[in-house]
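FYI, the numbering for the sequence shown is 624 to 1015, going by our numbering.
Below is one structure, written out as structure tokens; the observations come after it.
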Amino acid sequence: MKKKKKTGFSTMAVHSGEIRYNEYGSITTPIVQTSTFIFKNTKEIKELAKKTAGRFEYGRYGHPTQIAAEGKLADLEGAEDAVLFSSGMSAITTTLFSLLHAGDHIIITDDAYKRTLDFCLTCLERFNIECTVVKMCDYDAIEKAIKPNTKVFFSESPTNPYLNIMDLERLMRIFKGKGILVISDSTFATPYNQRPLEYGIDIVIHSATKYLGGHNDLLSGVMLAKKKLTDPVREYLKITGGVIDPHSSYLLIRGLKTFELRMQRHNESGQKVAEFLERHPKVKKVYYPGLRSHQHHNIAKKQMKGFGGVVTFEVEDNIACALNFMSRLKIICIGPSLGGVESLITHPATVSYYSISRKERLALGIKDGLIRFAVGVENVEDIIDDINQALR
Ligand SMILES: Cc1ncc(COP(=O)(O)O)c(C=O)c1O
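If you want it as structure tokens, here you go:
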């Protein structure tokens, strides 16, 4: 039998999920900007209750622009279904709340996104859900942390800010057949560079605020999995209420159409910037999975198509020196976040970790001279010139 040709990534990015041949014949999916969907008559209400009508009821329970964006994301990730949320954190908290019950146990890796760790260690513990934090990539520690009541293992790859890479094949050898749901926050990788579901990961989460949206103009998160896992989360979202609004759904659809092109540029420029920084005498160390010097370079090469636009590096180990360098940049903007068309630079010690003592921060590996750079899609020569003049 002739094998069906797989649809190309950009073809899916442009066409998947779109509401084509809509009422007005517009090629773009309409922004259905409404909070409620009215009924023509009471017969329609009855049909809705019997679920015989494929229609919408109330914005918090789902709306057409959201469904279109979800269809596109599910195809891009190769997932059966996708659920969109108002932010990445909403995707993480709603998913975990929906899956976990009092008395359950979750394992999370130590360099997960700070707010995800905060949620597990503060909120979940308050509801009697036990949390064990294990060292990222310490596979023996991960295996030893499993208890009879372990329900979820949560990790990221690559991580922030050191871009550590989880060996997904090795991870799944630990969890296979144990009935524990494995969740991977793949925000830094994106479905273009890494395909966790193909390794048997149960649930993939992204902050769509980053590369998926890609233009630093929206907040969103997405959870992708088999329908048997997304269905209960979608129901739970109706209670927690962190739905994406119609306008942000449209911006996400719009951003995704150029997703492959943007990722190709992020990957190429990320590599060039990392190589430039590694050669620079004023840079002490560079962390980028595409560099041979990165501790997880071989795993990254095996399981990733490209290494993205985030490059972390160290200048002189002193806060004033790092801030002085950043304030001299002319094109690159200072600010948190990543994955957008504009290059962004941040100093984790003063931006993300300002609320804890220096001693605690250093124990987490966040040094005074550490800088996280999210390469945008500007011309890479201009980005490199900008960094070079500021370092000088
Ligand atoms: C890896 C990762 N996951 C989740 C989040 C949270 O996403 P959002 O800011 O969209 O809530 C972030 C935000 O920076 C992140 O970096």
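Every residue gets a Cβ at the ideal spot worked out from N, C-alpha and C, and that includes glycine.
Here the structure is a predicted model, which means the values were calculated and not measured.
Exercise for review: Identify which residue in Ala943, Arg984, Tyr834 has its Cα closest to the Cα of Asn816.
Suggested key: On the sequence shown, residue 816 is found 193 positions in, with the first residue counted as 1. In this structure, Tyr834 is the residue among Ala943, Arg984, Tyr834 with its C-alpha nearest to the C-alpha of Asn816.
**Study point:** Start and end residues, beta strand (DSSP E) containing Ala997
**Key:** Taking the first residue of the sequence shown as 1, we reach residue 997 at position 374. Taken as a continuous stretch (DSSP letters only), the beta strand (DSSP E) holding Ala997 covers 993-997.
Review point. Where does Arg818 land, buried or exposed, given buried means 16+ other C-beta within 10 angstroms?
Key: Position 195 of the sequence shown holds residue 818. Flag for Arg818 reads buried.
Review point. Are the beta-carbon atoms of Leu875 and Ser843 separated by less than 7 Å?
Key: Along the sequence shown, read from residue 1 onward, the residue named residue 875 stands at position 252. Along the sequence shown, read from residue 1 onward, the residue named residue 843 stands at position 220. The beta carbons of Leu875 and Ser843 sit closer together than 7 Å.
Practice item. With DSSP as the reference, please indicate the residues paired to Leu967 in a beta bridge. Key: In the sequence shown, residue 967 corresponds to position 344, counting from 1. Beta-bridge pairing by DSSP links Leu967 to Cys956, Ala997.
Practice item. Tell me whether the beta-carbon of Ser778 lies closer than 7 Å to the beta-carbon of Thr732. Key: Indexing the sequence shown from 1 puts residue 778 at position 155. Indexing the sequence shown from 1 puts residue 732 at position 109. A contact, by the Cβ cut-off of 7 Å.
Exercise for review: Would you list the residues sitting across from Val845 in a DSSP beta bridge?
Suggested key: For the purposes of this step, residue 845 is taken as the residue at position 222 of the sequence shown. In the DSSP output, where bridge partners are listed per residue, Val845 has Leu707, His829.
Practice item. Report all residues from its chain with a CB closer than 6 Å to the CB of Gly929; omit the five preceding and five following residues, and keep chain order. Key: Translated into positions along the sequence shown, residue 929 becomes position 306. The answer, listed in chain order, is Asn816, Asn890.
Practice item. Quick one: residues in its chain with C-beta nearer than 8 Å to the C-beta of Tyr762, no 5 flanking neighbours on either side, listed in chain order? Key: As a working note, residue 762 is residue 139 in the sequence shown. Taking Tyr762 as the centre and dropping the five residues before and after it, the same chain places the C-beta of Asp790, Arg793, Leu794, Ile797 closer than 8 Å to its C-beta, in chain order.
Practice item. Taking only heavy atoms of ligand 1 into account, decide whether any of them is closer than 6 Å to the Cβ of Gly932. Key: Against the sequence shown, residue 932 aligns to sequence position 309. The answer is no for Gly932.
Point to revise | Candidates Asp1008, Ser809, Leu952: closest to Gln926 by CA position | key: Within the sequence shown, numbered from 1, the residue matching residue 926 stands at position 303. Of all alpha-carbon atoms in Asp1008, Ser809, Leu952, the one lying nearest the alpha-carbon of Gln926 is that of Ser809.
Exercise for review: Would you kindly check if the distance between the Cβ of Ser709 and the Cβ of Ile828 is under 7 Å?
Suggested key: As a position in the sequence shown, residue 828 is number 205, starting the count at 1. As a position in the sequence shown, residue 709 is number 86, starting the count at 1. In this structure, the beta-carbon distance from Ile828 to Ser709 does not fall below 7 Å.
Practice item. May I ask which residues mark the beginning and end of the beta strand (DSSP E) holding Lys850? Key: To locate residue 850, count along the sequence shown from 1; it is residue 227. Run containing Lys850: none in the beta strand (DSSP E); it sits in the alpha helix (DSSP H), 850-863.
Point to revise | Per-residue DSSP class, three states only, for Ser778 | key: For the purposes of this step, residue 778 is identified with residue 155 of the sequence shown, where counting begins at 1. Annotated three-state conformation of Ser778 is strand, per DSSP.
**Study point:** Extent of the continuous beta strand (DSSP E) run through His728
**Key:** Start at 1 with the first residue of the sequence shown, and residue 728 comes out as number 105. Its beta strand (DSSP E) spans residues 728-732.
**Study point:** First through last residue of the beta strand (DSSP E) which encompasses Ser807
**Key:** Taking the sequence shown and counting its residues from 1, the one referred to as residue 807 is at position 184. If you look at Ser807, you'll find it in the beta strand (DSSP E) that goes 804-808.
Check your understanding: Can Ser871 be considered in contact with ligand 1, in the sense that its beta carbon sits closer than 6 Å to one or more heavy atoms?
Key -> Along the sequence shown, read from residue 1 onward, the residue named residue 871 stands at position 248. Not so, every heavy atom of ligand 1 lies at least 6 Å from the Cβ.
Practice item. Would you please state the rounded distance, in angstroms, between the beta carbons of Gly893 and Tyr910? I believe it to be under 8 Å. Key: By 1-based counting over the sequence shown, the position of residue 893 is 270. By 1-based counting over the sequence shown, the position of residue 910 is 287. The Cβ separation is near 12 Å, so there is no contact.
**Study point:** Rounded straight-line distance, which links the Cα of Ile729 to that of Lys770
**Key:** As a working mapping, residue 770 is identified with position 147 in the sequence shown. As a working mapping, residue 729 is identified with position 106 in the sequence shown. Each residue's alpha carbon lies about 9 Å from the other.
Check your understanding: Can you find a heavy atom of ligand 1 that lies under 6 Å from the Cβ of Asp741?
Key -> Here residue 741 is taken as the residue at index 118 of the sequence shown, counted from 1. The answer is no for Asp741.
Exercise for review: Quickly, what does DSSP pair Cys754 with across the bridge? List them, please.
Suggested key: Numbered from 1 along the sequence shown, position 131 holds the residue referred to as residue 754. The partner list for Cys754 (beta bridge, DSSP) reads Ile729.
Check your understanding: Taking 6 Å as the line, does the beta carbon of Gly711 fall inside it for any heavy atom of ligand 1?
Key -> Here the question's residue 711 lines up with position 88 in the sequence shown. True, at least one ligand heavy atom lies under 6 Å from that Cβ.
Check your understanding: Does the distance from the CB of Met759 to the CB of Asn787 come in under 7 Å?
Key -> Position 136 of the sequence shown, counting from 1, holds the residue named residue 759. Position 164 of the sequence shown, counting from 1, holds the residue named residue 787. A distance below 7 Å separates the beta carbons of Met759 and Asn787.
**Study point:** Residue from Lys801, Phe899, Gly932, Asp854 whose Cα sits closest to the Cα of Thr813
**Key:** Your numbering for residue 813 matches position 190 in the sequence shown. Of the listed residues, the one whose Cα sits closest to Thr813 is Gly932.
Review point. Within 10 angstroms of its Cβ, does Tyr785 collect 16 or more other Cβ (buried), or is it exposed?
Key: Taking the sequence shown and counting its residues from 1, the one referred to as residue 785 is at position 162. Buried.
Exercise for review: Pick helix, strand or coil for Val938, following the three-state DSSP scheme.
Suggested key: As a working mapping, residue 938 is identified with position 315 in the sequence shown. The DSSP-derived three-state label of Val938 is coil.
Check your understanding: In whole angstroms, what separates the C-alpha of Val974 from that of Leu719?
Key -> For the purposes of this step, residue 974 is identified with residue 351 of the sequence shown, where counting begins at 1. For the purposes of this step, residue 719 is identified with residue 96 of the sequence shown, where counting begins at 1. Answer to the nearest angstrom: the Cα atoms are 27 Å apart.
Review point. Which stretch, first to last residue, makes up the alpha helix (DSSP H) that contains Tyr681?
Key: Reading the sequence shown from its first residue, position 58 is the one you call residue 681. Premise fails: Tyr681 is in no alpha helix (DSSP H) and is neither H nor E.
Check your understanding: For Tyr873, does the three-state DSSP call read helix, strand or coil?
Key -> Numbered from its first residue, the sequence shown carries residue 873 at position 250. Helix, per DSSP.
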